[in-house]
Structure formats: C-alpha cells, structure tokens
Amino acid sequence: MNALSREKSPYLLQHADNPVDWLPWGDEAFAHAKEEDKPVFLSIGYSTCHWCHVMAHESFESEEIAEILNADFVCVKVDREERPDVDQVYMNACIATNGSGGWPLTALLTPEQQPFYVTTYLPKEARNGRLGLTELLKGVRMLWDENREDLLARGREITEHIRRAQPAEPSKAPLDEAFLAAAAREMLAGYAQGESAPLFPMPHKLLFLLMQGQSAGDRAMLEAVRTALSQMYRGGIHDHLGGGFARYSTDAKWLVPHFEKMLYDNALLAIAYAEAHAALGEPVFARAAEGILDYALREMADESGGFYSAQDADSGGEEGKFYVFTPDEVAGVLGKSAGEAFCARYDISARGNFEGKSIPNLLKDPNWKEAAEAFKRERAALLSYRSKRHALHKDDKVLTGWNGLMVAALCRAGVALERDDYLEAADRCVEFLSRTMLTEGGTLLARYRGGEAGIEGTLEDYAFLAWGLLEHCRARLAPESLLMAKRLAERMHALFSDADGGYFMTASQSLIARPKEVFDGAMPSGNSVAALALAEIAAYCSEPIWQARLDAQFRFLAANMKKQPEAHAMALCALRFMLLERRKIVAACADESQAAKAREEMLSKRRDRLHIAILSPASRELWRAIDPDIEQYPLPKSGAMWYVCRDGACEPPTARFPDAHFEDLPRGSAVPVGK
Numbered sequence: 010m011n012a013l014s015r016e017k018s019p020y021l022l023q024h025a026d027n028p029v030d031w032l033p034w035g036d037e038a039f040a041h042a043k044e045e046d047k048p049v050f051l052s053i054g055y056s057t058c059h060w061c062h063v064m065a066h067e068s069f070e071s072e073e074i075a076e077i078l079n080a081d082f083v084c085v086k087v088d089r090e091e092r093p094d095v096d097q098v099y100m101n102a103c104i105a106t107n108g109s110g111g112w113p114l115t116a117l118l119t120p121e122q123q124p125f126y127v128t129t130y131l132p133k134e135a136r137n138g139r140l141g142l143t144e145l146l147k148g149v150r151m152l153w154d155e156n157r158e159d160l161l162a163r164g165r166e167i168t169e170h171i172r173r174a175q176p177a178e179p180s181k182a183p184l185d186e187a188f189l190a191a192a193a194r195e196m197l198a199g200y201a202q203g204e205s206a207p208l209f210p211m212p213h214k215l216l217f218l219l220m221q222g223q224s225a226g227d228r229a230m231l232e233a234v235r236t237a238l239s240q241m242y243r244g245g246i247h248d249h250l251g252g253g254f255a256r257y258s259t260d261a262k263w264l265v266p267h268f269e270k271m272l273y274d275n276a277l278l279a280i281a282y283a284e285a286h287a288a289l290g291e292p293v294f295a296r297a298a299e300g301i302l303d304y305a306l307r308e309m310a311d312e313s314g315g316f317y318s319a320q321d322a323d324s325g326g327e328e329g330k331f332y333v334f335t336p337d338e339v340a341g342v343l344g345k346s347a348g349e350a351f352c353a354r355y356d357i358s359a360r361g362n363f364e365g366k367s368i369p370n371l372l373k374d375p376n377w378k379e380a381a382e383a384f385k386r387e388r389a390a391l392l393s394y395r396s397k398r399h400a401l402h403k404d405d406k407v408l409t410g411w412n413g414l415m416v417a418a419l420c421r422a423g424v425a426l427e428r429d430d431y432l433e434a435a436d437r438c439v440e441f442l443s444r445t446m447l448t449e450g451g452t453l454l455a456r457y458r459g460g461e462a463g464i465e466g467t468l469e470d471y472a473f474l475a476w477g478l479l480e481h482c483r484a485r486l487a488p489e490s491l492l493m494a495k496r497l498a499e500r501m502h503a504l505f506s507d508a509d510g511g512y513f514m515t516a517s518q519s520l521i522a523r524p525k526e527v528f529d530g531a532m533p534s535g536n537s538v539a540a541l542a543l544a545e546i547a548a549y550c551s552e553p554i555w556q557a558r559l560d561a562q563f564r565f566l567a568a569n570m571k572k573q574p575e576a577h578a579m580a581l582c583a584l585r586f587m588l589l590e591r592r593k594i595v596a597a598c599a600d601e602s603q604a605a606k607a608r609e610e611m612l613s614k615r616r617d618r619l620h621i622a623i624l625s626p627a628s629r630e631l632w633r634a635i636d637p638d639i640e641q642y643p644l645p646k647s648g649a650m651w652y653v654c655r656d657g658a659c660e661p662p663t664a665r666f667p668d669a670h671f672e673d674l675p676r677g678s679a680v681p682v683g684k
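See below:
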C-alpha cells in the first residue's frame, strides 16, 4: 500500500497515487525489508525536477513496473530537499561508483541501508545502450535469490569507501593574503579558458573574485565578474519577463536553461548582482537584482513571511513550455510593429532557438543594455499574457536554510539598492523563522508546510540562517538577530562539531555514514558558511572561544582550500573577511531618545564593513548576552559617547558622530567584509 499520502513533502505527494507501494524514509521501511527479506529500492528526487517527472511517468505510474517493485522490493521515496543528509550519503555513493551524479537518484540497498547499485535516471526499458529499469529490477531479484553474497559484499565495499572519503586532515599551513591572491588567479584562469556545458551560475565564485578584485585593485578579476554576470543576464537562463534565473544552462552560451527556478540560486545571485552594481557601477546589475527579488516577493513569498522552495521546469507536461514564444504570439499581444521590434531585440524568430519556439534572450544584441532598459511596457504585457498559461507547479514548502539565504539577499540588496521593501520582507522572514522554526529547547527545524514545522535541521540550516541573521543585524542594526545567530552558532557547535575538525552535516550517525561536506556545489557548503558566520560573530563578540572556533574551522578547511580553491569559494570569502581590518563602532547612549537618534544616523550611512552596537539602558542586558565585555563602554549621564575600535584597539571616546569612519569604506562588499 502506498503510504505517501500522509506526508507533507510536495515531492512525496506527487507520488502518492503511484501504484508502487512507496514508504517514506524511516525505521519502518528498513524493518519491513528485514522482515520480508527483500532489498530496498530507493528513489531520491525533488518536486521541480524534470527528469524525476520523466521517470515517474515512464516507470512509477506503470502497473508493470509497480508489480515487480511491490513483489520483490521495499520501495522508499525521499525528497532530497527535506532530507539532504540521506541524499548526500547516496549521492556520494553514486559519484564514487559512476564518477557523476544527478536526480532522480536511484539506489538498490540492503536492509541495513548499504548501497550495492547506484545510478540516476533509468528509462523503463533498455534503449541506446542504457540499462532499463525493468532489466535492472529483474536482474537484482535473481541475484538476491541466487548470489546474494556478492551484492552484500558490494554494499559493504561501497559503504566503507564513502565512510573513508572524508576531507583532508586539518592543516597548520598559513592562509594569508598570498594564498588568497593565488586562489583568485587560479579561479580567474578557469574563467579565461571558458567553461563547458552545463553551466551553473555559482555566484559564490563571482562574489570571491569581486571581493578579491576590489581588495587587490585587480581589474582583470573585476572584468571577469562583469563579463560572467553580463552573459548570464543576457542569456535565456535569465527570465527577461518575470525576473529571476533558472537553475543552470544546458549549453555553453547561457541560452537554453534547465527551466526550474530554485530559491537558493536566486538568493545568491541577488547578492552577486547587487554587490557587483555597487562595486562596478552597472545599473543593469541593479535591475537584475531587483528582478530576482521582485519575482521572489511576487511569486515565491508565503503569506506567513517565508519563501517557497522552487518552481517547476515543466508546464502541461512539457519542459520550458511556459517560457517560450513564437513571433505570432508576441505580435498578438503587442501588435505587429511593436511585436517585430521586440522579437528583433529578444531573438524570437519563426525558426526558434528551442524546439521550434524561442526563449527570449539578448545574446545577439550588441546594444543589450539599451534593450534591457527599454521595452518595459512590452515585457509587462507579455508577462501578463504568459501568466495565463498552464500554471507552473510550485514547491510550497519553506526550507529554513534556503530562507536564511533569502534573508541575506534581501538585506544585502536592500542596503545596496536602497529598497526599504526588501528590508521589510527580511524583517517578516526573520520573524517567521524565529517564531516557527525554533523549538522551545533551541532546536532548529528544517521544513514548514501546511501550518506545520518539522524535521530536525542539518548544518546548512544552522549556518545559512545564522548568516542571514547576521546580515539582518547589520542592515537593520538589530541586536536581537545577532543574539539569535550567536545562539544558533552555539547550538551548531554542540550538535555538529567533530573533534578532528569541522562540522558534520547531521547531529548523529543515524545513516551508514555521517557526511562532512566541505566542497561548494551549486550552493556553498555548510562548513564554508559556518566559517563565514563564525568570523562575523568573532568580530562582534570578544569572548575568546569564538576566535578559537574560527581558527579551528580554517585549520580544518585549509588543506582542501589549498588543493582546490575553486571548490571552496565561500570559504575563501570568509577568509577574505577574516583578513580585513576589524572595525567596531559603539554608541553608548544615556537614554532611548539618544539611542534612536544614533540608530537613525547610522542607518543613513554605509556600514557594510562595520560592526555596530548601540547601547542604552533598555538594550544593555541584550548586549551583555551578546558580548560580556560590553561593560567597558559605560553609559554617559547625558547625550551619547562614540567608541571606534580597530582590530581590538579603541580610540579615545568622543561626543561627536564619527563620520569619517563611515565614509572611508570602499564601495561594494560581496559578503560581509569587516574583520
């Protein structure tokens, strides 16, 4: 009997009507496998995954396949976005045995969860030299009956391999300015050589090059960022009508996307475009960032304050159907003359550039910046027309970690682009997450849907939300967010830290391996963002334990960062942050009116490299919980006293607002860049 109808995950619910007797991941499924003496058929995917849909329609809706699966296997479905730990373990097994991975992830396991065969999408029947699911299932059933020991031995071998495949040992090698320069040059060389399809945006790589280029005054690095962001903006991966970006490009030109839109990609890209606008003075980059966040607020915002996870690639059963146009359609909406002008600029032709239709793009237009500024009315009219098409499926679960990234994006862009509506959206999201996703005992939950929060958070949830809260603290001068981030970091250390260095992904080893990921993929790793959060907290909090934890985290990351700097872009951002001057400004205020005045003055200034504390009689206890050494800044009897500290050394206090310390900051900081 299919048991998925009781689940919250949109992906699992998509499979609740399959004739397959699916069970969710859990002890019950594996106890059943042991009792029935059957192997486990594990299928991992997510609700907006195109090839997951294909495999579902071909195989999991097939009575023939269901008959085999139900008779000979215990079948388990996993939403990788709800259970990234399960996905990571078996994706590591897939990569170890095949050299690559992807979704849907298909694995055959022993009842002890050990994988003996792992692959990705399989057609129902063999074709083009590719094994079919039917043949695989029949072959495994035969081997399970006649030669089981070989399968069990293979399962033990793969399990042992992924258990051994841990990051390199901690290193005492210096991570200094010379290392950052070498890492940036290596990353820059990769961009200069060109990249092959598929192309993923990887905004954290661009953030590091932007930061390092600014710090070193390296025009080549800044131009590489400008070129990459420009090409992505011009390409079909960018939704020129509705804003936002698709997950990746299937070609090397950024033209044809894999059309699904993921919250995490768009959050990180919004930061990259907003910071590139501030650093490089490109108005089109500001429009890109606003397009992303306006799209998110329009289509991905839950009324509670959180943000949904993703939108599908498919519409009406066809990939990309929602996004493509013909010249006749455009003319029907805009009229003949305006339609022809739009099609000429946005590469919409009778021949098409995608399966006979056209993905709007500006790749062929040498005056693309002009086109990006023009055609506002036409784009709005076509967006309205497009919205009436077969609706895209939306994965409406709210994930804590991804929402942490969105808070960071709304705050960075809100400050850089002077958009109060983005900061207000960040306020709502922080309030929702703090109210809904934290238990009374301080445990962070990972998923919210249908009025219910559940699933204990992983390292990514703690680290990503802590980063978002730290950005919120800086953007809004909100010490409550700083205190929440500090408490999350304390809990993160208690749950996930390893005595050998770094942080595990999960709080316990309930799976066959306890993953400890350090490499950045489409998203930065939890360990990289943990380093970034620790660096921020160490800058605010004088307690030695935070600097000690930060130093230990970099010792853990050092060896892998040196071997593959391009795979540790966010850790490099954190290192860039740590090596810059640490500047702290404290306003000690006699009363609340003075505190309000000080806050208003500071909010009117650029503060992206500053760590700011506003002390008053009402906030004193709050700041004492954040930093016990706050006592060294006494409250005056009247007015306000200002303290400016650089790398722990403070200048004499002054009653005058320290304007100079706000105005001498370089423009644009891709991630928090004070030290």
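Counting from 10, one number per residue, gives the positions in the sequence shown under our numbering. Don't be surprised by glycine CBs; every beta carbon is placed ideally from N, CA and C. Predicted, not measured: the structure shown is a model, and the values here were computed from it.
Chain-order list of residues whose beta-carbon lies under 6 Å from that of residue i (same chain, five-residue window excluded)
| i | result |
| --- | --- |
| A540 | Q562, A580, A583 |
| E178 | none |
| S18 | D88, E91 |
| P686 | The structure shown has nothing for residue 686, since the chain only spans 10 to 684. |
| K606 | none |
| R458 | K17, K406 |
| D81 | R150 |
| A679 | Confidence at A679 is low in this model, with a pLDDT of 34, below 50, so the placement of that residue should be treated as unreliable; the coordinate-derived value is given next. Only L216, L219, M220, E284 meet the Cβ criterion. |
| P212 | L277, L278, A281 |
Residue i classed as buried or exposed, judged by whether at least 16 other C-beta atoms fall within 10 angstroms
| i | result |
| --- | --- |
| V399 | At residue 399 the sequence reads His, which differs from the Val that was named. Exposed, by the Cβ-count rule. |
| P210 | buried |
| P183 | exposed |
| K214 | buried |
| T168 | buried |
| D88 | buried |
| C659 | exposed |
| S396 | exposed |
| Q123 | buried |
| M10 | exposed |
| T57 | buried |
| H481 | buried |
| G245 | buried |
| R136 | exposed |
| S534 | buried |
| Q97 | buried |
| T128 | buried |
| S602 | exposed |
| Q518 | exposed |
Identity of the residue in the options nearest residue i by Cα
| i | options | result |
| --- | --- | --- |
| L392 | H249, I639, L21, C550 | H249 |
| A298 | Q240, A508, L419 | L419 |
| A475 | Y457, P336, A417, T445 | A417 |
| E735 | M587, R665, R615 | Given that the chain is displayed from residue 10 to residue 684, the structure contains no residue 735 and the question cannot be resolved. |
| G423 | G252, L612, G244, A42 | L612 |
| D430 | E291, L306, G459, S647 | L306 |
| A425 | Y332, R615, F316, D509 | R615 |
| M501 | A542, G326, G530 | A542 |
| A322 | F268, R296, A576 | F268 |
| C598 | D560, Y642, R618, L197 | Y642 |
Assumed close pair residue i, residue j - CB separation to whole angstroms, cut-off 8 Å
| i | j | result |
| --- | --- | --- |
| R655 | R558 | So it is not a contact: roughly 23 Å between Cβ atoms. |
| Y549 | H620 | 5 Å |
| G20 | V63 | The question names Gly, but residue 20 is Tyr in the sequence shown. The pair is not a contact, with the Cβ atoms about 14 Å apart (cut-off 8 Å). |
| R421 | I280 | 5 Å |
| I635 | P488 | 6 Å |
| V149 | L117 | 6 Å |
| N362 | L264 | 6 Å |
| K472 | V538 | The sequence as given places Ala at residue 472; Lys does not occur at that position. At roughly 4 Å, the Cβ-Cβ gap stays under 8 Å, so A472 and V538 are in contact. |
| G348 | Y304 | Going by Cβ atoms, the distance from G348 to Y304 rounds to 24 Å, so no, they are not a contact pair. |
| H286 | A276 | Actually they are not in contact, since the Cβ atoms of H286 and A276 sit about 16 Å apart, beyond 8 Å. |
| P207 | S258 | 6 Å |
Own chain residues within Cβ distance below 8 Å of residue i, not counting five before or after
| i | result |
| --- | --- |
| T515 | D94, T467, L468, F505, R523, P524 |
| W70 | Just to set this straight, residue 70 is Glu in the shown sequence, not Trp. The residues are N27, P28. |
Sequence-distant residues of its chain with Cβ nearer than 7 Å to residue i (five each side left out)
| i | result |
| --- | --- |
| L2 | Outside the displayed span of the chain (10 to 684) sits residue 2, for which this structure offers no information. |
Kindly provide the ranges of any beta strand (DSSP E) runs that are 3 or more residues long and lie completely inside the segment 438–514, ordered along the chain.
454–458, 461–465
Which ranges would you report for the beta strand (DSSP E) in the segment 278–361 if only whole runs of at least 3 residues count?
317–320
What residue ranges within the segment 63–97 form continuous alpha helix (DSSP H) runs of no fewer than 4 residues, ordered along the chain?
72–81
Could I get the ranges of all uninterrupted alpha helix (DSSP H) runs contained in the segment 591–659, with 4 residues as the minimum, in chain order?
601–612, 629–635
Contained alpha helix (DSSP H) runs [length at least 4] in the segment 505–567, N- to C-terminal order:
535–549
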